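Residue numbers (full-length UniProt numbering), protein chains in the order written: chain P, 1 to 99; chain L, 1 to 520.
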Amino acid sequence: MSPGHYLALSAILFTIGGLGVLVRRNAIVVFMCVELMLNATNLAFVTFARMHGKLDGQIIAFFVMVVAAAEVVVGLAIIMTIFRTRRSSSVDDANLLKY
Amino acid sequence: MTARVVLAQGADIPAPHIEYGQLAPMLLVFGVAIAGVLVEAFVGRSGRYRAQVPLAALGLLGAFVWTIYLAAQDKPFHVAAEGAIGVDGPTLFLQGTILVLALISLLLVAERRQPSFAAQASALPGSEAEQDAMAAGFTQTEVFPLMMFAVGGMLMFPASNDLLTMFVALEVMSLPLYLLCGLARRRRLLSQEAAVKYFLLGAFSSAFFLYGTALLYGYAGSVRLGAISAQLSKDAGSDTLLLAGVALLSVGLLFKLGAVPFHMWKPDVYQGAPTPITALMASCTLVAAFGAMLRVYYVALENLRWDWRPAMWGVAILTMVAGAVIAITQTDLKRMLAYSSVAHAGFLLTGVVATSRDGLSGTLFYLAAYGFTTIGAFAVIMMVRDAGGEAAHLSRWAGLGKRSPLVAGVFAFFLLAFAGIPLTSGFTGKFAVFKAAIEGGATPLVVVGVLSSAVAAFFYVRVIVVMFFSEPDADGPTVVSAPATAAAVALGVAATVVLGVLPQPMLDLAGHAATQMFVR
């Protein structure tokens, strides 16, 4: 299979993730969509590493995984806090700050 | 396969060469952050505050002294840590600025007379557990290590010489800030909401930054800024990958600056976050984000100037106009200053568009001048309080000039500096970037900039009129001048006056820092 197919898949996954962030209401699902975008990026890095015949794209994917894991820790903590206060994890309910 | 060959030869992988001396400021701040975590783990609750504050202050001070030592060396123009970090004039200037501004913010964060941070972040707002924690006099001292991690990330962000390091620095800078935003002592629902919004949007934008990095890696075969620039000058590779990559990368960077159309998080987060953290974000984060922006556009994409300039023109114009116009309708002072910060990001972008040495030095000067003024302004907001904490609504400030002329006068002075009145640092900064932009052929941009400064002056003056020319409420807010906050205000005033009346030494310093531009 040509590397182009993997790039197309990565672009499709990235788009699905981006759309999900924009249309979904639940903060956890929004966050999962962001993670999908990061994983799409990893696929792109690994594919480009293969195309260029270099290893650094694969190394970068590891860095991205570590950063994504750190982001999960912080993100779930924040979402948990607001869920305990409001008993809701919908991003539409958090609407005190406006105008 | 090439990859397999590399692995076979890699029997003796050479150890990377790290220039610890040149990285010392960053390493020191990160070390202090880790020491702060250990203090949280091993020191009793009563002793933590007394241990954390000197630790953080000494760490920042030491890093600043080391930065000066590096800058004073013959030619600070190195690539350190196997090409991952650039140590050059502009970077050292930006790092020094970040460290000084972080020290002043630390005064606000460490303020004990009027604590801004939750007694116990895990206790539900309004619950018994929260009241118990308040009564016991707890404070969440984790803010100090979190702030040090954020400052460490900010030091690394403008210094990163490849896009992967830049991404890691971006996250190291942002993740602690997301948490700090949610730790306010009062109006905790607003604070938590600000944290959620900042986190979700920040993570979304960093995904864009990363995908842009991936596409540029596909284009150039490397994430090094110098390699991307070299590939550009060869005019080889796929234009689709290049342009899409630059666009996505710019989305991530412009989000951090709060440029229109990626500014939506700024007013909400600035209003909801604890005010010391708002001051830290409005000054240090802006400096770091502009530093990274300048490095990417001046080093990696300079040869693509003709392609990104029109887009950047559009963003700069939108940012200046939208920031100034929307600020007029704001009634909350923190929110108004957030939109003012959006407008200032637009003025600063004119310096980026200039892509010249003068543009670089003008932007450096502007960033330093704006940082001092904005910390001072937020510190004044911390001083004006009523029963519910800070009285940030504009109507509550009516007649403050009669009740407390000194504080109202200082705030009026900061607002005039934001507006860019001569003899304040704001004027010198704006003059420097606009002059560079005109020399760079961006005269229409400067005309828009001057017009939106005039619009912006309207809402700054409106606050002054409310403060001085209306009758004070009987139950109006009181001015509480706690020592550390007052010291931060005094430093802000001093810097704004000195950089306005005698700007030449600082202009020379910025010009000297920019002489060799960025290392590649």
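Virtual Cβ for every residue (Gly too), placed ideally from N, Cα, C.
Here the structure is a predicted model, which is why all the values come from computation and not from measurement.
For a cutoff of 9 Å on Cβ pairs, would you count Leu19/P as touching chain L?
no
Below 8 Å on C-beta distance, what does Tyr20/L contact in chain P?
In chain order: nothing, as chain P lies at least about 22 Å away.
As a quick exercise: from Leu301/L, Phe468/L and Met154/L, pick the residue whose alpha carbon is nearest that of Asp235/L.
Leu301/L
Could you work out which residue in Leu106/L, Ile326/L and Thr355/L is closest to Val342/L when comparing CA atoms only?
Comparing C-alpha distances from Val342/L to each of Leu106/L, Ile326/L and Thr355/L shows the shortest one belongs to Ile326/L.
Taking Met57/P as the query, report the chain L residues whose CB atoms sit under 7 Å from its CB, ordered along the chain.
It is Gly, not Met, that sits at residue 57/P in the sequence shown. Neighbours of Gly57/P on chain L, chain order: Tyr217.
In chain P, which residues lie less than 8 Å from Val168/L when you measure between Cβ atoms?
In chain order: Phe63 and Val67.
Are the C-beta of Met51/P and some C-beta of chain L separated by less than 9 Å?
yes
Beta-carbon of Ala3/L versus every beta-carbon of chain P: anything under 9 Å?
Any reading at Ala3/L is ruled out, since the residue's pLDDT is 48, under 50, leaving its predicted position unreliable.
Distance check for Gly371/L and Phe411/L, CA to CA, integer angstroms please.
15 Å
Which residue wins for smallest C-alpha separation from Gln192/L, given the options Ser10/P, Val23/P and Ile79/P?
Ile79/P
Would you be able to state if there are at least three C-beta pairs under 8 Å between the stretch 18-38 of chain L and the stretch 55-74 of chain L?
yes
Checking 9 Å against the spacing of the C-beta atoms, do Val446/L and Phe434/L come in under that value?
yes
Given Phe199/L, which residues of its chain have a CB within under 6 Å of its CB, disregarding the five upstream and five downstream residues?
These residues qualify, in order along the chain: Tyr178.
Under 8 Å by Cβ, that's how I've got Arg396/L and Gly272/L pegged, so tell me the actual separation to the nearest angstrom.
Not a contact, Cβ separation roughly 18 Å.
Answer with buried or exposed for Trp66/L, where buried requires no fewer than 16 other C-beta atoms within 10 angstroms of its C-beta.
buried
To the nearest angstrom, report how far apart Gly362/L and Ala510/L are at their CA atoms.
For Gly362/L and Ala510/L, the distance between alpha carbons rounds to 7 Å.
Per the DSSP calculation, Gly86/L is bridged to which residue(s)?
Bridge partners of Gly86/L according to DSSP: Val79/L.
For Ala3/L and Val72/P, what's the separation of their Cα atoms in angstroms?
With a pLDDT of only 48 at Ala3/L, under the threshold of 50, the placement of this residue in the model should not be trusted; the figure read from the coordinates follows. Taking the straight line from one Cα to the other gives about 32 Å.
Which residue from Ile85/L, Leu499/L, Ala80/L and Gly89/L puts its Cα closest to that of Ala72/L?
Checking every option, the nearest Cα to that of Ala72/L belongs to Gly89/L.
Check whether chain P comes within 9 Å of Ser222/L, counting only Cβ atoms and requiring the distance to be less than that.
yes
How many Å lie between Gly237/L and Ala220/L at the Cα?
So the alpha carbons of these two residues sit roughly 7 Å apart.
What are the boundary residues of the beta strand (DSSP E) that Arg385/L is part of?
Note, Arg385/L: beta strand (DSSP E), Val384 to Asp386.
Distance cutoff 9 Å, beta carbons only. Does Leu7/P sit that close to anything in chain C?
The structure shown contains no chain C; its protein chains are P and L.
Our contact map puts Val196/L next to Ala27/P with C-beta atoms below 8 Å; I'd like the distance itself, whole angstroms only.
Approximately 6 Å separates the beta-carbon atoms of Val196/L and Ala27/P; this is inside 8 Å, confirming the contact.
For Ala292/L, return the contacting residues in chain P, with the cut-off set at a CB-CB distance below 9 Å.
Chain P residues near Ala292/L: none, gap ~16 Å exceeds 9 Å.
Decide if Leu180/L is buried, meaning its Cβ has at least 16 other Cβ atoms within 10 Å, or exposed.
buried
Between the Cα of Leu170/L and those of Leu318/L, Gly252/L, Ile68/L and Phe117/L, spot the shortest distance and give me the residue it belongs to.
Gly252/L
If the cut is a Cβ gap below 8 Å, which residues of chain L does Leu38/P touch?
Chain-ordered, the chain L residues with CB closer than 8 Å to the CB of Leu38/P read Ala207 and Leu210.
Quick one: which chain L residues come within Cβ less than 9 Å of Arg25/P?
Neighbours of Arg25/P on chain L: none; closest Cβ ~12 Å, over 9 Å.
For a test of the three-state rule: what should DSSP assign to His17/L, helix, strand or coil?
coil
For Asp132/L, which of helix, strand or coil comes out of DSSP?
In the three-state DSSP reduction, Asp132/L falls in the helix class (H, G or I).
Below 8 Å on the Cβ atoms is my guess for Leu70/L versus Gln22/L; work out the distance and round it to an integer in Å.
6 Å
Mind checking whether residue 522/L and Asp307/L have CB atoms under 9 Å apart?
Examination of residue 522/L is not possible in this model, given that chain L is present from 1 through 520 alone.
What are the boundary residues of the alpha helix (DSSP H) that includes Ile79/P?
Asp56 to Arg86
For residue 521/L, go through chain P and note every residue whose CB falls closer than 7 Å to its CB, in chain order.
Because chain L spans 1 through 520 in this model, residue 521/L falls outside it and cannot be assessed.
According to DSSP, is His393/L helix, strand or coil?
strand
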